[in-house]
Every structure is written in C-alpha cells, then in structure tokens.
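Asks:
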Amino acid sequence: MGTYLALQMAYLHIGLKSALQYRVNFVGGVLGLLTHSLFAALGGIVLIDRFGGVEGWELGQIVFMFGLTRIQTGVIYSVFRGIVGWEFYVQEGFVDRYLVRPRGLLTQVPGAEFDVSGFGPMIAGAGLVAFGAAISPPNLTWWLVPWLAVVISSGIVIQLSLTMIVASFAFYNVQMGAATNSLERTAWQMNLFPASAYSAGVQALITVALPWAFMAFYPAHLLYGRDSDGLFGSPVLYLSPVAAMAAFAVGYGVWRRGIRKYQGMGGM
Amino acid sequence: MREDSSATGPIIVANQLTRHYKVQKNALKTGRFGLGLVRREMEIVKAIDDLNFTIEPATAVGLIGLNGAGKSTLLKLITGVLVPTSGEVLVGGLQPSEHRKEVVRNIGVVFGHRSQLWWDVPLIDSLNVLRLIYSVDEKDYKQRLQSLTDLLEMGDLLPRAPRQLSLGQRVRGEIMASLLHGPNLLILDEPTVGLDIIAKAKIRRLIRSLIEEEGVTVILASHEVSDIEEICERTILLHEGRILYEGTIEALKAQANVERSLVLDVERGTGQGSDDVVVEQVTIPLSGNDTARRLAEVASLGTVSGAQVTGGSLEVILARLFDEATN
Chain A
13 MGTYLALQMA YLHIGLKSAL QYRVNFVGGV LGLLTHSLFA ALGGIVLIDR
63 FGGVEGWELG QIVFMFGLTR IQTGVIYSVF RGIVGWEFYV QEGFVDRYLV
113 RPRGLLTQVP GAEFDVSGFG PMIAGAGLVA FGAAISPPNL TWWLVPWLAV
163 VISSGIVIQL SLTMIVASFA FYNVQMGAAT NSLERTAWQM NLFPASAYSA
213 GVQALITVAL PWAFMAFYPA HLLYGRDSDG LFGSPVLYLS PVAAMAAFAV
263 GYGVWRRGIR KYQGMGGM
Chain B
3 MREDSSATGP IIVANQLTRH YKVQKNALKT GRFGLGLVRR EMEIVKAIDD
53 LNFTIEPATA VGLIGLNGAG KSTLLKLITG VLVPTSGEVL VGGLQPSEHR
103 KEVVRNIGVV FGHRSQLWWD VPLIDSLNVL RLIYSVDEKD YKQRLQSLTD
153 LLEMGDLLPR APRQLSLGQR VRGEIMASLL HGPNLLILDE PTVGLDIIAK
203 AKIRRLIRSL IEEEGVTVIL ASHEVSDIEE ICERTILLHE GRILYEGTIE
253 ALKAQANVER SLVLDVERGT GQGSDDVVVE QVTIPLSGND TARRLAEVAS
303 LGTVSGAQVT GGSLEVILAR LFDEATN
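Protein chains in written order, with the numbering used here: chain A, 13 to 280; chain B, 3 to 329.
#1: Relative to the C-alpha of A/His25, which candidate in B/Asn69, B/Trp120 and B/Glu58 has its C-alpha closest?
#2: Looking at chain B, which residues of the stretch 19 to 42 of chain A have a Cβ within less than 7 Å of any of its Cβ atoms?
#3: Which same chain residues end up closer than 6 Å to B/Pro185 when comparing Cβ atoms and leaving out the 5 residues on each side of it in sequence?
#4: Would you mind sorting A/Phe63 into buried or exposed? The rule is 16 or more other CB atoms within 10 Å of its CB.
#5: Return the chain-ordered list of same chain residues with a C-beta closer than 8 Å to the C-beta of A/Val262, the five sequence neighbours on each side being excluded.
#6: State the DSSP-derived secondary structure class of A/Lys29, mapped to helix, strand or coil.
#7: First and last residue of the alpha helix (DSSP H) that includes B/Arg296?
#8: Just to make sure I have the definition right: I need the residues of chain B whose C-beta is within less than 7 Å of the C-beta of A/Arg272. Which are they?
#9: With 16 other CB atoms within 10 Å as the buried threshold, where does A/Pro247 fall?
#10: At least one CB of chain A closer than 8 Å to the CB of B/Asn28: is that the case?
#11: By the 7 Å beta-carbon criterion, what residues does the stretch 157 to 182 of chain B contribute toward chain A?
#12: Given that A/Arg109 touches chain B, what residues does it touch there, using C-beta distances under 7 Å?
#13: Nearest-angstrom Cα distance between A/Val112 and A/Gly68?
#14: In terms of residue numbering, what span does the alpha helix (DSSP H) encompassing A/Pro206 cover?
#15: Would you kindly work out how many angstroms separate the C-alpha atoms of A/Leu19 and B/Leu77, rounded to a whole number?
#16: Applying a beta-carbon distance threshold of less than 7 Å, which residues of chain B neighbour A/Thr198?
#17: With 8 Å as the C-beta to C-beta threshold (strictly closer), list the residues of the stretch 98 to 111 of chain B near chain A in chain order.
#18: Express the C-alpha separation of A/Phe106 and B/Leu212 in angstroms, rounding to a whole number.
#19: Which bits of chain A does B/Leu65 rub up against, with CB to CB less than 8 Å?
#20: Closest to A/Leu234 by C-alpha separation, out of A/Ala142, A/Leu17, A/Phe38 and A/Trp154, would be which residue?
#21: Would you say A/Val102 faces chain B, with C-beta separation under 8 Å as the test?
#22: Within a Cβ cutoff of 7 Å, which residues of the same chain sit near B/Arg21, ignoring the five residues on either side of it in sequence?
#23: Report the three-state DSSP secondary structure of A/Leu117 (helix, strand or coil).
#24: Taking the alpha helix (DSSP H) that B/Thr151 belongs to, which residues open and close that run?
#25: Mapping the DSSP letters down to three states, classify B/Thr312 as helix, strand or coil.
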C-alpha cells in the first residue's frame with residue numbers, strides 16, 4: 013500500500029510538473045471547465061427558480077445535489093481521464109506501453125494520465141454545494157461530513173464503473189467515444205433535476221441499470237431529513253455504497269474481459 | 003536482480019504458438035463496398051501460426067519480417083500483452099498472459115517509435131517514477147543508475163527533458179529506462195530508426211556490450227538488416243505468421259546460395275598516349291570453377307584499381323527469400 017501511494021504521488025508530481033510547463037494551457041483548462049460547469053448550473057437554477065422548486069425539492073437542495081455530482085465528475089475528469097479517453101490510448105498503442113510494466117492498468121492509468129482540467133468541475137461543484145447549503149442548509153448532524161465523503165466516493169465509483177464498461181469496447185477495436193460523451197452528458201442532465209421528477213421508467217433506469225440516482229439524489233434525502241419520494245421506497249436512500257460496489261463489480265468484470273480479448277493496435 | 007538463467011535452459015520456449023485475429027473482410031474480396039452498418043463479413047487472420055522455437059540466455063536474436071509478418075504480435079505474446087489463441091510461450095518458465103506482472107518484471111522494452119519517458123520533464127524524473135513502477139530498492143536503484151549513466155554516457159543528459167535531447171540521446175535514454183530494473187530480457191523494436199550512422203554504431207556497440215558483459219538476452223525486431231547482422235547471432239525470419247528460417251546468419255547466407263560476383267575496375271591504356279587510360283568494369287561470377295583463370299585474364303588486361311563483391315548481402319538474400327515466399 014505504501015509503494016502504491018508513493019507511486020501515485022510520483023505520478024501526480026510528474027503530471028503536474030509536465031502540465032505546468034505550459035502554464036497558459038494549465039490555467040485555461042481549469043477555467044474552461046469551471047465556467048462550463050457554472051454556466052450549465054446557472055441554466056438549471058434560472059429554470060428551477062421560476063417554478064420555485066421541483067417535486068417538493070427547493071432550489072438550494074437541487075443546487076446542493078447537482079454540486080455533489082459536479083465534484084464527482086471533476087474527479088473522474090482529473091484522476092480517471094485515461095479511462096474516459098481510453099479509446100484514444102488503445103488506438104495510439106499506449107495500452108501496450110502500460111501492459112509491459114509490472115502493474116495493473118488501473119494502478120498506472122489514473123496517475124499517468126492525470127488531467128488538471130478536472131479541477132474546474134471540482135471547484136465549481138464545491139461552490140455549488142456551498143451555495144446550495146447556504147440557501148437550503150442540510151441537517152447539521154455528526155454524520156453529515158462522513159456521509160458526504162461516502163456519497164462523493166460512491167458517486168465517483170458509480171461514474172467510473174459506467175465509464176469503464178463503455179471504455180472496454182475499445183479493447184475490441186470498437187470506437188465508443190461518442191457513447192462515452194453521451195453517457196457523461198446524459199448523467200449531467202439527469203442529475204440536474206431530482207429523480208422523482210422523472211417517469212417511473214426513467215427512475216427505474218437511473219436506479220437499476222445506470223445508477224446515477226445514487227450519486228446524489230437518494231443519499232441527499234438523509235441530509236435533508238426527507239422520506240423517500242421516489243419509486244423504490246426508503247431502503248435505497250442508504251444504498252449508495254452498495255450500488256457503487258455492485259456497479260464496480262460489473263465494470264471491473266467487463267474491463268478484465270476486455271483485456272483478455274485485446275487485439276493490440278499494429279506495432280508495439 | 004538478474005538471475006543466471008544458463009543453468010535453467012532456454013529463456014523463451016514457444017510451443018505451437020498461435021494467435022488469430024478476427025478482422026473485417028477486405029471489401030475487395032467481398033465485393034461489398036457499402037457502409038457495413040448492418041452486416042459485416044469477418045475473417046480470421048493467422049497473425050502467428052504454429053510457431054516453435056527457443057531462445058537461449060545471453061544471446062541476441064533478430065526478428066525479421068515484412069510489414070504484417072507477425073513480429074509485433076510475437077513480441078506482444080512474449081510480453082503478455084496478448085493472449086495466445088492456442089499453444090503457449092514460456093518466458094523464464096512462466097506463461098506471460100497468465101503471469102504478466104511477474105514476467106514483465108524481468109523484461110525491458112524499447113519502442114523505437116514510442117517513448118516511455120515523460121516528454122516535458124527531466125529524464126531523471128521519469129527514471130524516478132519507473133523505479134517505483136518496478137519496485138526497485140533505493141540502494142539498488144542508485145547503483146544501477148550510476149552504472150547505466152557511465153555505460154550510456156548520460157551524465158549531462160539526466161537533468162534535461164527528452165524534448166531537449168537529440169534522437170540518439172533519446173534512444174539512449176529509452177534504453178537506460180528499460181534497463182533500470184535489471185531485466186534479463188531486453189526487447190528492442192526498431193531501436194535505431196531515424197538515427198545517423200554514428201549514433202547507430204554507438205547503440206549497436208552498447209547492445210553488444212549488454213549481451214557480453216551483463217548477460218542480457220536480446221530480441222531485436224528491425225527492418226534495418228545491418229542492425230541484425232551486427233548485433234545478433236541468430237535470426238528468425240517470419241512470413242505471414244510462420245517461421246521461414248531460424249538459425250545463424252552465416253548459415254542463412256550459405257543456404258541461400260545467392261549468385262555472388264566480383265566487380266573489378268580495370269585501368270588500361272588507350273594506345274593514343276602514355277597518360278590516356280580508360281576504366282572498364284569487369285564482372286566475374288564467384289560460383290564457377292574458373293574464377294582463378296578469369297582473374298588471371300583480367301589482370302593481364304591492365305591494372306585493377308578497384309574491387310567489390312556484389313549479390314551476397316543479407317539484404318539481397320532476404321529480399322529474394324521473401325519474394326519467393328510471397329509468390
């Protein structure tokens with residue numbers, strides 16, 4: 013574990029050092045995604061504010077939930093950039109480079125392909141969480157901060173697992189870049205509003221097949237002391253970590269199978 | 003880190019090693035030039051087909067083949083990047099596809115076309131990260147870093163980023179990065195591509211010294227035939243996934259029975275003045291029984307001012323072999 017952490021820190025250090033060689037690009041990348049996240053949120057805020065809330069959820073609560081998903085997406089963009097852009101790494105033959113080293117892909121790729129521009133959504137997300145909490149404060153309990161940590165981690169794992177499933181198609185030389193983008197954009201859109209605003213079919217979809225509702229919507233019920241207003245009753249409110257583990261089990265299984273079926277790309 | 007593998011037999015053993023790819027059929031074969039949105043005809047390509055060979059420790063083996071012959075696939079099977087369709091390859095007694103991490107811990111790989119170094123940061127930073135990737139003990143790392151710095155003459159280059167290095171310096175940096183963890187097998191894929199003749203010679207000498215002084219086993223895949231001639235004792239010729247020839251380069255040359263000729267530049271007077279001479283080129287086949295008689299005849303015609311043997315180069319032999327195999 014010590015060596016693993018030392019390796020990740022070394023990757024982070026060399027990645028930041030490389031990125032800082034091009035300072036304008038560094039700052040521009042962070043600011044670009046930061047403003048992108050804020051403007052997207054602003055559109056939703058104006059809309060929700062006009063109607064005074066959605067399905068009994070106040071504006072501040074919705075902003076708070078959306079902020080959480082932005083933090084999670086920012087981590088995916090930064091730490092798991094290599095998985096998001098996996099198709100490129102396969103096509104360019106970088107995967108071979110990783111596979112001739114005595115480490116797993118998931119040990120090497122996050123650090124090696126770290127992308128600072130993900131700090132943009134992370135900062136924007138933190139700002140939105142703070143703004144949402146200011147106008148609609150969550151219940152201040154002793155477990156607020158630990159639960160937030162669990163929620164954010166679970167959301168990251170859920171989003172990562174779905175990304176891994178789509179990225180695995182690249183092992184079969186199937187281009188899925190468009191699907192990765194669609195997945196990310198749909199998650200974004202779905203998380204902009206409370207899941208209870210959607211039809212029963214969509215709620216079932218984002219709870220079972222694509223468990224985005226576990227990234228913020230269900231666990232936020234506990235933070236605001238609400239009963240379940242969704243399709244699946246109160247047990248799901250506590251199940252974000254379980255949903256994350258289940259999603260990762262599927263995602264990792266698909267990923268492992270992809271590696272076994274990998275055909276390589278031309279020369280080494 | 004390096005173990006004496008001479009007592010344990012071959013470092014690599016391939017038994018009926020086969021790797022197939024499933025690819026979309028060429029439109030020229032199928033006659034279907036549509037978008038292929040609904041139906042696609044697929045075919046199986048035998049990239050590696052029933053290979054059997056062994057590679058002994060502390061030797062250098064050249065891998066030669068035309069584009070698409072299966073060289074890269076074979077290297078990927080040896081490093082565990084790809085899983086065999088059938089058969090097996092054992093590296094140090096282990097199947098790389100099943101024990102990839104253990105196997106590649108003892109392998110160094112240099113890609114002529116692709117860098118393993120971080121482009122924008124000092125070379126020493128890349129080496130420090132590679133130390134952690136390979137879990138090299140800090141004391142061993144310092145010793146190894148020093149000896150490789152001396153061997154590769156990299157002292158002044160370690161604080162510089164790869165983008166600031168010449169191609170030759172960068173290749174030396176790549177080799178250094180590949181040897182840092184003390185591998186007993188070094189795989190080189192086109193290591194001298196794009197290098198000038200001085201840099202090429204330096205890299206070749208370096209690789210030979212690694213084999214002779216450090217006991218490293220080298221597999222060299224290259225289209226640069228002179229690399230293989232100067233570095234390798236043995237060669238494996240691959241053609242359409244199968245072995246066309248396996249053995250020493252000398253035996254290949256002897257076996258090829260290529261017509262070799264001696265081309266002589268003969269100066270002789272024109273008969274119009276004592277200083278007027280013309281130079282004629284006379285070609286004498288070296289395969290016949292009357293070579294000596296023909297040489298004596300040519301010598302009597304005038305002064306031999308130049309001589310060159312043509313037709314027996316490895317490049318010519320390979321071109322002929324591949325041409326025959328293709329047709």
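Note that beta-carbon positions come from the ideal geometry of N, C-alpha and C, so glycine has one too. Just so you know, these numbers come straight off a predicted model, no measurement behind them.
Replies: With the structure as the only source:
#1: Across the set B/Asn69, B/Trp120 and B/Glu58, the C-alpha of B/Trp120 shows the shortest separation from the C-alpha of A/His25.
#2: Against chain B - using a Cβ distance shorter than 7 Å - the residues of the stretch 19 to 42 of chain A are Leu19, Ala22, Tyr23, Ile26, Lys29, Ser30 and Gln33.
#3: Excluding sequence neighbours, B/Pro185 sits near Asn108, Ile109 and Gly110.
#4: So A/Phe63 counts as exposed.
#5: Taken in chain order, the residues that qualify are Ser173 and Ile177.
#6: Secondary structure of A/Lys29 (DSSP, three-state): helix.
#7: Counted as a single uninterrupted DSSP element, the alpha helix (DSSP H) harbouring B/Arg296 occupies residues Thr293 to Leu303.
#8: Chain-order list of chain B residues neighbouring A/Arg272: Val85, by C-beta distance under 7 Å.
#9: Its Cβ having fewer than 16 others within 10 Å, A/Pro247 is exposed.
#10: It does not: the Cβ of B/Asn28 has no partner Cβ on chain A nearer than 8 Å.
#11: Correct list: empty, as no residue qualifies.
#12: By Cβ distance, chain B contributes Arg116 and Gln118.
#13: Between A/Val112 and A/Gly68, the C-alpha separation is close to 54 Å.
#14: Run containing A/Pro206: none; DSSP gives neither H nor E here.
#15: Straight-line spacing of the CA atoms in A/Leu19 and B/Leu77 works out to 27 Å.
#16: Those do not exist, as A/Thr198 stays about 23 Å from chain B at its closest Cβ, beyond 7 Å.
#17: The stretch 98 to 111 of chain B vs chain A, Cβ under 8 Å: Arg102, Lys103, Glu104, Val106, Arg107, Ile109 and Val111.
#18: Going from the Cα of B/Leu212 to the Cα of A/Phe106 covers about 27 Å.
#19: Result: empty, since nearest Cβ-Cβ is about 11 Å, beyond 8 Å.
#20: Residue A/Trp154 is the option with its Cα nearest to A/Leu234.
#21: A/Val102 does not count as touching chain B.
#22: The residues are Ala49, Ile50, Thr75, Leu79, Leu84, Pro86 and Thr87.
#23: Annotated three-state conformation of A/Leu117 is helix, per DSSP.
#24: Note, B/Thr151: alpha helix (DSSP H), Glu140 to Leu154.
#25: Residue state, collapsed to three classes: strand.
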